[in-house]
Amino acid sequence: MAFLINAKADTTTSSGTSNPYSAIMDYYNKFDYGFGGGIEIHPFKGLLVGARYNISLGNLYKDPSSYDPSNGGQPPSFIPQVDVKNNVFQLSVGWIFGNNSSKKKEQQSQTQPQQ
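Each position in the sequence shown, counted from 1, maps to that position plus 134 in this note's numbering.
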């Protein structure tokens with residue numbers, strides 16, 4: 135799930151008239167939902183490499199019929215007339231500090247009876 139907190143657009147015009155798109159947040163859906171999944175591998179002690187893909191199920195822009203009637207109910211020219219979604223592909227690389235897995239293995243081997 136995701137929630138849109140802020141959006142900005144340049145609302146200055148050369149003629150000095152007011153721009154109907156100054157309230158840019160009115161054109162976007164503020165809530166988004168979808169699926170995410172990924173994989174993480176540890177090629178050697180401490181290093182991690184991962185990939186993740188997020189698929190949005192909600193539309194990025196509101197339904198054009200809900201736009202402000204003072205603008206003729208038309209979307210701004212910068213909003214495409216297509217179904218736009220928020221989809222993300224992420225790659226990550228990291229280092230794990232304080233990995234205690236070797237200590238846990240030592241403790242487990244000491245508590246297990248020898249045969």
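We treat Cβ as the ideally placed atom computed from N, Cα and C, and that holds for glycine. The structure displayed is predicted, hence computed values, not measured ones.
- DSSP, read as helix, strand or coil, puts Asp-166 in strand.
- Just so you know, the alpha carbons of Phe-137 and Ile-173 end up roughly 25 Å apart.
- In this structure Tyr-167 is exposed. Its beta-carbon is surrounded by fewer than 16 other beta-carbon atoms within 10 angstroms.
- In the structure shown, Ile-230 adopts coil according to DSSP, grouped into three states.
- Closest option to Lys-196, judged by alpha-carbon separation, among Lys-164, Leu-181, Pro-177, Lys-142: Lys-164.
- Cβ contact annotation for Arg-186 (same chain, cutoff 6 Å, sequence separation greater than five): Gly-172, Gln-224, in chain order.
- Put simply, of Leu-181, Ala-143, Tyr-162, Asn-140 the residue whose alpha carbon is nearest the alpha carbon of Phe-231 is Leu-181.
- According to DSSP, residue pairing for Ala-141 in a beta bridge does not occur.
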